[in-house]
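Its first residue numbered 367, the sequence shown is counted upward by one per residue in our numbering. All C-beta atoms, glycine included, are put in the ideal place defined by N, C-alpha and C. Have a look at the structure below, then the notes.
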Amino acid sequence: QVIGVYDKSLLMPFAEVLKTLGSKHVMVVHADVGLDEISMTGKTSVAELKNGKISEWQINPKDFGMNYDSLDSLAVNSATESLSMIKQVFDNKASAALDIVCLNAGASIYVSGLAPSFAEGVTKAQVAIKTGKAKQKIASFIAKTQSFTA
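In structure tokens:
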């Protein structure tokens with residue numbers, strides 16, 4: 367599980383509660399800019415529960431060759447603009463949107479056990495997008511959901 371919290375002071379309490387509830391591997395995240403997800407605007411604080419132990423650490427997008435970018439770079443004014451941004455991510459167009467998707471997908475890949483580290487999870491996300499595998503999966507998902515209408 368990857369869970370975002372709106373306030374940094376909630377990182378450890380959330381991790382402790384999830385430990386008590388029996389969660390195995392969780393990343394509770396809070397971006398320094400105030401987002402409740404991993405951000406490309408700067409560092410993100412993490413409370414990670416793994417194997418019954420909680421550790422605190424930070425994610426820095428620069429460690430992955432990414433540049434800091436403002437939230438304005440993710441702003442859209444319409445559903446059409448949003449769709450265009452999403453398509454650009456799946457087309458591997460360098461952008462803040464691509465970075466934030468890879469960081470958050472990397473966390474999910476890591477906590478699900480598909481990668482031995484957060485860094486390797488990010489790499490797997492980047493490779494899935496770069497090779498077109500992610501685009502194929504989303505196309506398959508879209509086709510399946512559209513088959514339910516008519």
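For the pair K496 and V371, the Cα-to-Cα distance works out to about 30 Å. Here the alpha carbon of Q367 sits roughly 21 Å from the alpha carbon of L464. In the three-state reduction of the DSSP assignment, I504 falls in the helix class, which pools H, G and I.
Apart from sequence neighbours up to five positions away, the residues of its chain that approach L480 with a beta-carbon distance below 8 Å are G487, K490, ordered along the chain. Contact between the region 393-403 and the region 375-383 is present: three or more C-beta pairs spanning the two stretches fall below 8 Å. In terms of CA proximity to K459, G498 leads the group Q512, L401, G498, S411. The beta carbon of F430 lies closer than 7 Å to those of V488 in the same chain, with the five residues before and after it left out.
When DSSP states are grouped into helix, strand and coil, S421 belongs to the strand group.
By the neighbour-count criterion, in which a residue is buried when 16 or more other Cβ atoms sit within 10 angstroms of its Cβ, V493 is exposed.
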